[in-house]
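To start, the structure under review is shown below, and the notes come after it.
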Amino acid sequence: MTTESNHNDPRVSEAYQGLATETTPPGLDRRILAMAADKRRSRYGLARVWVRPLAWAATIGLSLAIVLEVSQFRYGTTPPIEADDVETLEEVLVPDEASARDDDDIRLQRGSAKRANEPVPLQLSAPAARQASSPPAAAKTAPARDVELTPDSVSVYEDFATDDMSLLREAEEQARLRSGAEPAAAEAANAIAFDATTRLEKKEQDPYCDPDMRSSAETWYICIEDLRAQGRDDDANSEFLLLLAEFPDFEEQK
Amino acid sequence: MAADAQPMASLRSRGTATLCSKPSLAYAQVMPHTPDDSALMLRYGGGDVQAFEILYGRHKDAIYRYLLRLSGHRDSAEDIFQDVWGKIIKARESYRPTAKFTTFLYRVAHNCFIDYVRRNKRHSTNTVLDPESHGDPGESPEMATERCLARERLEIALYTLPDEQRDAFLLHEEGGLSVDQIATVTGCNRETAKSRLRYAVGKLRKAIDEPAERS
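Protein chains in written order, with the numbering used here: chain A, 1 to 254; chain B, 1 to 215.
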């Protein structure tokens, strides 16, 4: 009882209760009650129903995407070219006549395979046709029009351009990759890539033979002879291969 | 029901004078027929805002006075008060009635005050509250002066108490908490809580009796 009275004094309590008459400001009450009502609405809405499944779905989706990305990264990359292979690269990009012929044969075979699947006749849009076959002079004089081409010539020509461009890109990529490690090799690769670029640009700016020339084997061959006379043996060879593909019975005049 | 037994017992221990003079005490509002605080909190957890309004109405003034006397600043008390109820609102889903709601509420208030003091290193409780703000507009000038003097003596004595003793006294007076509950709220053992409360009451009694002894 003594202990109880020690921490419970009625006089002190009474004095304190007479003193403590403060109440909360009305503005504060309003703020608290508004906060309580607001929180109840935001937490107990429809949101809680779909948030968890959505979070799971997003997590699983992201995980799958990362796994796929990692697996492609591990198995889909090409091995880097060694320094010793720079010459090989040069051979690939600037083939000699024999190897160029072999490559062209392969490309022609690919073109033939494509031909079997493509509908005949093939119609190209004016810009594509101009880029593929018309010489600059003809392009200047002739109005833009759809050009009737045989599927063989177009597909073979496109094959050429596509393959050359892919080789060029590959060479540029390898040169870029190697530039940090071995500057000499990188310079060589860059030079090769530049050469190939120049060649391609030249080819694009100056088409070899126009469609009129290609209409018959004889006129086409005359165009090829002109190219050889100009010293453009590579272009002449390419045209000759196309000629052979178009006119298999044609025999070269010795 | 059992949860509400403690305030009633605490109320009884104060004596009839307190009950008669101040029937509108915050803890005296907890009547047997009214919904339990914990039940109200659970109802609010289920989305019933009206339950929260009842709960808030029961405890707001006592909590406010507790924080006001503890901090000694009206602005600080309002900040902490808002923080306390924000935490109560936030805890509505995780709340489990393992202890009495009043104990839970005052524990949150006590912790918020401690956090506030830590955040504001320059906080001091030396500021005496403005006496004009507590005045009763109906009383005579003599009564007002006497009341003001008594209040000042008690208030000065209250603010001269060590923080722990003042905390224990306010928890007992405003929250109606028992010694065990004060120990739970303040995180000390029962004997320490009892000792703090005893010292606090002894010093305040001395402060009240001082003018009488002089005369």
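Quick reminder that beta carbons are idealized off the backbone N, C-alpha and C, glycines included.
Status (buried if at least 16 other CB within 10 Å, exposed otherwise) for residue i
i: P141(B); result: exposed
i: I66(A); result: exposed
i: L25(B); result: Annotation note: pLDDT 45 at L25(B) (below 50); position unreliable, coordinate value reported separately. By the 10 Å Cβ count, L25(B) comes out buried.
i: S216(A); result: exposed
i: A193(B); result: buried
i: K100(B); result: buried
i: F81(B); result: buried
i: D75(B); result: exposed
i: A113(A); result: Low local confidence applies: a pLDDT of 49 at A113(A) is under 50, so the model's placement there is unreliable, and no value is given.
i: S13(A); result: buried
i: E173(B); result: buried
i: W56(A); result: exposed
i: I223(B); result: Because chain B is modelled from 1 through 215, residue 223(B) falls outside the range shown and cannot be assessed.
i: T198(A); result: exposed
i: I60(A); result: exposed
i: I222(A); result: exposed
i: S71(A); result: exposed
i: L68(A); result: exposed
i: S38(B); result: buried
Assigned secondary structure, residue i (DSSP; H/G/I helix, E/B strand, else coil)
i: H73(B); result: coil
i: F73(A); result: helix
i: S215(A); result: coil
i: Y44(B); result: helix
i: Q165(B); result: helix
i: R96(B); result: coil
i: C148(B); result: helix
i: F247(A); result: coil
i: Y64(B); result: helix
i: C188(B); result: coil
i: S10(B); result: Any answer about S10(B) is weak, because its pLDDT of 40 lies below 50 and its placement is not dependable; what the coordinates show is given next. Helix.
i: C112(B); result: helix
i: R232(A); result: coil
i: C209(A); result: coil
i: T197(A); result: helix
i: P25(A); result: coil
i: D36(B); result: coil
i: E252(A); result: coil
i: L33(A); result: helix
i: C203(B); result: Here residue 203(B) is Lys; the residue named in the question, Cys, does not match the sequence. In the structure shown, K203(B) sits in a helix (DSSP, three-state: H, G or I).
i: L296(B); result: For residue 296(B) there is no data in the structure shown, the boundaries of chain B being 1 and 215.
i: G175(B); result: coil
i: L242(A); result: helix
i: D83(B); result: helix
i: D9(A); result: coil
i: A20(A); result: coil
i: N190(A); result: helix
i: N120(B); result: coil
i: A193(B); result: helix
i: A57(A); result: helix
i: A65(A); result: helix
i: A91(B); result: coil
The ligand GDP heavy atom lying under 8 Å from the CB of residue i
i: R151(B); result: No copy of the ligand GDP appears in this structure; indeed no ligand is present at all.
Sequence-distant residues of the same chain with beta carbon closer than 6 Å to residue i, five excluded per side
i: L77(B); result: Note that residue 77(B) is Ala in the sequence shown, not Leu. L67, L68 and S71, listed in sequence order.
i: D83(B); result: C112
i: P32(B); result: Summary for P32(B): the model assigns pLDDT 47, below 50, so the residue's position carries little reliability; its value from the coordinates is reported in the next sentence. Cβ within range, chain order: n/a, list empty.
i: F247(A); result: A217
i: T102(B); result: G175
i: I182(B); result: A168, L171 and A193
i: I54(B); result: L40
Beta-carbon contacts of residue i that lie in its chain and below 7 Å, excluding the five residues immediately before and after
i: Y64(B); result: A77 and F81
i: R43(B); result: A51
i: D180(B); result: R190
i: A157(B); result: K203, L204 and A207
i: V185(B); result: T103, Y106, R107, H110, L171 and L177
i: A200(B); result: L161, Q165, R166, A168 and F169
i: R196(B); result: E164, Q165 and A168
Residues of its chain near residue i, where Cβ-Cβ distance is below 8 Å and the 5 sequence neighbours each way are ignored
i: F104(B); result: Y95
i: G210(B); result: A quick correction: the sequence has Glu, not Gly, at residue 210(B). R153.
i: E93(B); result: G45
i: D79(B); result: Y116
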